[in-house]
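Structure record follows, encoded as structure tokens.
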Amino acid sequence: MNKYFKVTLAIVKNNLIREMEYRVNFFVWLFIQILWVSLQIFIVQILFQHTNNILGWTKPEIFLLIGMFRIIRGIFDFFVYANLTYLPEDINSGNLDYTLTKPVSTLYLSSFRKHQYDQIGTFFSGIGFVVYAGPTVNIIVFGILILCGFLAFYSLILMVSTLSFFLTKLRAISSIHDIVNTILRYPVDLLLGNRSGMNLLLLPLTIIATIPAKIVLGKTSPTVLVVEIISVILFFLLAICFWKYALKRYSSASS
Amino acid sequence: MNFIQCFEYRGDLLIYSLSYAAQPVIYLLVWLAVSASSQSLPMTAQEFAQYYIWLLIVQLWVSAWSSPFIAGDIRHGKLSPYLLKPFAYINFHISENLGEKGLKTLLTVPLVVVLILILKPSWPDLSVFGWVIFFWTWGLAGAIYFLIDMCVGCLAFWFDDISAIDDLYNVLHIIFSGILIPMILMPDFVRNLATFMPFRYSLSFPMEILLGKLSLSEQSLGLFLQIIFVVLIYFIYHKLWVIGVKRYSAFGN
Chain G
1 MNKYFKVTLA IVKNNLIREM EYRVNFFVWL FIQILWVSLQ IFIVQILFQH TNNILGWTKP
61 EIFLLIGMFR IIRGIFDFFV YANLTYLPED INSGNLDYTL TKPVSTLYLS SFRKHQYDQI
121 GTFFSGIGFV VYAGPTVNII VFGILILCGF LAFYSLILMV STLSFFLTKL RAISSIHDIV
181 NTILRYPVDL LLGNRSGMNL LLLPLTIIAT IPAKIVLGKT SPTVLVVEII SVILFFLLAI
241 CFWKYALKRY SSASS
Chain A
1 MNFIQCFEYR GDLLIYSLSY AAQPVIYLLV WLAVSASSQS LPMTAQEFAQ YYIWLLIVQL
61 WVSAWSSPFI AGDIRHGKLS PYLLKPFAYI NFHISENLGE KGLKTLLTVP LVVVLILILK
121 PSWPDLSVFG WVIFFWTWGL AGAIYFLIDM CVGCLAFWFD DISAIDDLYN VLHIIFSGIL
181 IPMILMPDFV RNLATFMPFR YSLSFPMEIL LGKLSLSEQS LGLFLQIIFV VLIYFIYHKL
241 WVIGVKRYSA FGN
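In the order they appear, the protein sequences are chains G and A. Take the first sequence: its position 182, counted from the start at 1, is 182 in our numbering, and no numbers get skipped. Take the second sequence: its position 127, counted from the start at 1, is 127 in our numbering, and no numbers get skipped.
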């Protein structure tokens with residue numbers, strides 16, 4: 001563990017030095033983040049212009065869901081996103097060889113090597129949304145749910161990225177990230193309407209933000225928390241197994 | 001050639017097509033949920049279905065994505081080979097754009113068919129003249145979108161990284177183009193602003209004609225403004241390109 005702690009510290013230091021080189025960029029992106037948050041608020045206001053609730057979800061409840069998802073996405077985009085987006089390129093070019101030869105876990109380095117500090121805006125705007133919604137929930141339970149959401153989101157994008165071991169020309173990871181982002185801004189059961197038969201099919205998406213938000217809002221029984229934790233752990237293990245299986249099949253593209 | 005090149009990246013193309021389709025489909029589902037919860041919406045569930053299903057195809061054919069590639073060409077000095085070729089750089093992007101749209105359409109049509117079968121939207125109630133106007137404004141919308149995208153790409157002659165500008169453009173486009181929220185549902189101040197901005201004419205305007213929401217005088221004014229915007233934005237693009245190429249320099253081969 002000590003080794004990983006030292007590696008993590010070195011990664012944080014390197015990323016901070018790199019970020020300081022592009023200070024203006026950081027503030028420009030923070031401004032863009034504010035615009036996206038404003039747009040999100042504007043859209044929700046329009047949706048609730050003619051009604052107080054949409055299939056049982058009120059405006060503050062939707063804001064809570066958006067907030068929780070933004071916190072989860074903020075953590076994911078801050079630590080992981082840039083790394084998994086470049087994974088297909090690393091596999092294609094053979095650059096993954098360099099990661100494989102390092103004396104730490106390949107998955108750890110492939111997932112957490114590069115940070116995006118401008119995503120801190122996503123994280124804090126998420127907290128803003130949650131505070132506005134004002135849920136009455138135990139902070140530890142809330143923390144566990146955020147961790148579950150992050151792990152589920154990470155597992156999903158990791159599985160998609162891992163596909164690039166088999167499909168050599170897959171460059172569109174960012175588009176999948178965008179699709180998932182668009183879906184998860186709203187409760188998945190709201191999108192499905194009465195087509196609840198599809199709930200099971202969309203379970204990997206539901207466990208990221210919809211179920212955690214429902215637990216916080218008291219819209220489900222407390223036992224669902226246990227189901228959520230077990231589902232996330234199973235999903236995470238599935239992603240790890242898929243990664244290990246794919247890594248065994250990797251043959252370098254370089255000489 | 002671009003058609004064949006796209007086939008090389010079939011997996012990517014399928015994902016890109018899905019990502020284009022994702023927003024309209026998700027917002028269709030959101031608005032269907034809203035209409036199930038509200039009686040006072042200015043659009044019915046049927047109209048939402050009609051709007052977003054048509055939007056899938058209309059949006060696909062007006063969209064453009066050249067700006068990051070143009071910026072990459074400028075930044076990495078890859079523009080030089082194009083400058084030596086006996087055809088304009090913009091023509092390369094037009095052909096690439098049309099080739100990829102053809103393939104994306106093939107991938108989007110099955111989704112459209114499924115949505116039509118599930119939601120059974122009514123066919124737009126337009127006369128032959130109305131259809132002519134719709135297709136004409138659809139083409140002009142594509143021209144506006146494409147030319148704005150080229151202008152954004154050309155800004156790379158002056159800026160190292162245009163992704164923030166691209167993002168800013170995306171925010172404005174989302175608000176004023178009707179891609180997420182039909183213009184009829186927007187507050188008055190947004191609609192008034194949109195009337196004099198190019199974003200509305202790059203997507204929402206042909207959609208409004210398709211839904212039959214515009215009077216003949218509104219259609220004429222819109223068509224006139226579309227033509228003005230095409231000429232104006234082409235002029236801006238031409239200026240940016242000419243001045244940009246003069247200050248462009250590249251290393252190596």
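Every residue gets a Cβ at the ideal spot worked out from N, C-alpha and C, and that includes glycine.
Cβ-based neighbour list, residue i, same chain, cut-off 8 Å, excluding 5 preceding and 5 following
{"i": "A:ILE166", "result": "The sequence shown places Asp at residue 166 of chain A, rather than the Ile named in the question. If we look at A:ASP166 and ignore the five residues flanking it on each side, its Cβ neighbours are SER67, PRO68, VAL152."}
{"i": "G:LEU203", "result": "SER231"}
{"i": "G:ASP118", "result": "ASN25, PHE26, TRP29, LEU30, GLN33"}
{"i": "A:TRP136", "result": "LEU223"}
{"i": "A:ASP125", "result": "GLY212"}
{"i": "A:VAL230", "result": "LEU140, ALA143, ILE144, LEU147"}
{"i": "G:GLY193", "result": "LEU55"}
Per-residue DSSP class, three states only, for residue i
{"i": "A:ILE162", "result": "coil"}
{"i": "G:THR162", "result": "helix"}
{"i": "G:THR58", "result": "strand"}
{"i": "G:ASN52", "result": "coil"}
{"i": "A:GLN219", "result": "helix"}
{"i": "G:GLU19", "result": "helix"}
{"i": "A:PRO187", "result": "coil"}
{"i": "A:ALA33", "result": "helix"}
{"i": "A:GLN39", "result": "coil"}
{"i": "G:GLN33", "result": "helix"}
{"i": "A:MET150", "result": "helix"}
{"i": "G:GLN45", "result": "helix"}
{"i": "A:ASP125", "result": "coil"}
{"i": "G:ILE211", "result": "helix"}
{"i": "A:SER182", "result": "Note that residue 182 of chain A corresponds to Pro in the displayed sequence, not to Ser. Correct three-state label for A:PRO182: coil."}
{"i": "A:SER17", "result": "helix"}
{"i": "A:PRO24", "result": "helix"}
{"i": "G:MET68", "result": "helix"}
{"i": "G:GLN116", "result": "coil"}
{"i": "G:ALA172", "result": "coil"}
{"i": "G:SER251", "result": "coil"}
{"i": "G:TYR154", "result": "helix"}
{"i": "G:PHE63", "result": "helix"}
{"i": "A:LYS239", "result": "helix"}
Neighbourhood of residue i by C-beta distance below 6 Å, restricted to the same chain and skipping five residues each side
{"i": "G:LEU151", "result": "VAL232, PHE236"}
{"i": "G:LEU9", "result": "none"}
{"i": "A:LEU41", "result": "SER35"}
{"i": "G:LYS114", "result": "ALA82, ASN83"}
{"i": "G:SER125", "result": "VAL37, ARG70"}
Option nearest residue i by Cα separation, candidates the options
{"i": "A:TYR16", "options": "A:LEU60, A:GLU47, A:ARG75, A:PRO42", "result": "A:LEU60"}
{"i": "A:LEU28", "options": "A:ILE116, A:GLY139, A:TRP136, A:GLY212", "result": "A:ILE116"}
{"i": "A:ALA71", "options": "A:CYS154, A:LEU225, A:VAL109", "result": "A:CYS154"}
{"i": "G:ILE173", "options": "G:ILE211, G:LEU217, G:THR85", "result": "G:THR85"}
{"i": "G:GLN32", "options": "G:ILE71, G:THR101, G:GLY121", "result": "Here the sequence assigns Ile to residue 32 of chain G, which means Gln is not the residue at that position. Nearest C-alpha to G:ILE32: G:GLY121."}
{"i": "G:PHE112", "options": "G:PHE124, G:ASP77, G:THR101", "result": "G:ASP77"}
{"i": "G:ILE240", "options": "G:HIS177, G:PRO187, G:TYR154", "result": "G:TYR154"}
{"i": "G:LEU55", "options": "G:GLU21, G:ILE140, G:ASP189, G:SER221", "result": "G:ASP189"}
{"i": "G:LEU158", "options": "G:ILE43, G:ASN83, G:ARG185, G:LYS219", "result": "G:ASN83"}
{"i": "A:ILE133", "options": "A:LYS78, A:ILE162, A:PHE205", "result": "A:PHE205"}
{"i": "G:PHE123", "options": "G:ILE72, G:SER110, G:VAL137, G:GLN116", "result": "G:ILE72"}
{"i": "A:VAL271", "options": "A:ARG200, A:PRO182, A:ILE233", "result": "Because residue 271 of chain A is not part of the residues shown, which for chain A are 1 to 253, the question remains open."}
{"i": "A:GLY77", "options": "A:PHE157, A:THR137, A:PRO24, A:ASP12", "result": "A:PHE157"}
{"i": "A:LEU32", "options": "A:ILE233, A:VAL58, A:GLN46", "result": "A:GLN46"}
{"i": "A:PHE189", "options": "G:ILE46, G:LYS3, G:VAL80, G:ILE17", "result": "G:ILE46"}
{"i": "G:ALA133", "options": "G:SER161, G:PHE63, G:GLU19, G:ARG23", "result": "G:PHE63"}
{"i": "G:LEU238", "options": "G:ILE176, G:VAL160, G:LYS102", "result": "G:VAL160"}
{"i": "G:ILE75", "options": "G:LYS102, G:PHE5, G:CYS148", "result": "G:CYS148"}
{"i": "A:TYR52", "options": "A:LEU232, A:VAL112, A:GLY102, A:ASP12", "result": "A:VAL112"}
Host alpha helix (DSSP H) of residue i (start-end)
{"i": "G:PRO135", "result": "First-last for G:PRO135: undefined, no H or E at that position."}
{"i": "G:ASP90", "result": "82 to 93"}
{"i": "G:ILE233", "result": "224 to 248"}
{"i": "A:SER95", "result": "89 to 119"}
{"i": "A:GLN50", "result": "45 to 62"}
{"i": "A:MET207", "result": "205 to 210"}
{"i": "G:ARG185", "result": "First-last for G:ARG185: undefined, no H or E at that position."}
{"i": "A:TYR82", "result": "80 to 84"}
{"i": "G:THR106", "result": "106 to 112"}
{"i": "A:GLY72", "result": "67 to 75"}
{"i": "G:PRO103", "result": "Per DSSP, G:PRO103 belongs to no alpha helix (DSSP H) and is neither H nor E."}
{"i": "G:LEU167", "result": "No alpha helix (DSSP H) contains G:LEU167, which DSSP labels as neither H nor E."}
{"i": "G:LEU205", "result": "203 to 206"}
7 Å CB neighbourhood of residue i in its chain, flanking five on each side removed
{"i": "G:TRP57", "result": "PRO187, LEU190"}
{"i": "G:ARG249", "result": "PHE165"}
{"i": "G:THR106", "result": "THR99, LEU100, LEU247"}
{"i": "A:ILE184", "result": "PRO42, MET43, LYS213"}
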